[in-house]
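Colleague:
Residue numbers (the working numbering): 95 to 217.
What follows is the structure, given as structure tokens:
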């Protein structure tokens, strides 16, 4: 018995899952490389630059600490406080935002798939 694939050609087996697996592997490699790049730039390059800016701010404030939101922090710790604050904000703000961006399925779309071919919806 032969199957017809989405392209309309007749073959022995449906090879679409293999094509999807190849695409998924490509995205895995892309995500891995992109994550490594962002992590490297964010921590190795931006961290020391940000700490040097905090050192200059401490010198301009006339001491060895920088006042931030009522706390006197050492310049070397401000970068880590910033990372912690952004992670906590993301944990609380992103889930409601994602929920607001995804629309729930409509009733007509759900019921249309369960009616089967050729059947009309009741009015």
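We put the CB at the ideal spot given by N, CA and C, even for glycine.
With distance defined between alpha-carbon atoms, name the residue in 194, 125, 177 nearest to residue 144.
Modeller: Nearest of 194, 125, 177 to residue 144, Cα basis: 177.
Colleague: So, with DSSP's three-state summary, where would you put residue 109?
Modeller: coil
Colleague: Closest to residue 142 by CA distance: which of 130, 169, 128 is it?
Modeller: 169
Colleague: Any idea which residues DSSP pairs residue 165 with across the strands?
Modeller: 162
Colleague: Using the three-state DSSP reduction, which class does residue 141 fall into: helix, strand or coil?
Modeller: helix
Colleague: Could you check which residue in 156, 150, 190, 140 has the C-alpha nearest to that of residue 174?
Modeller: 140
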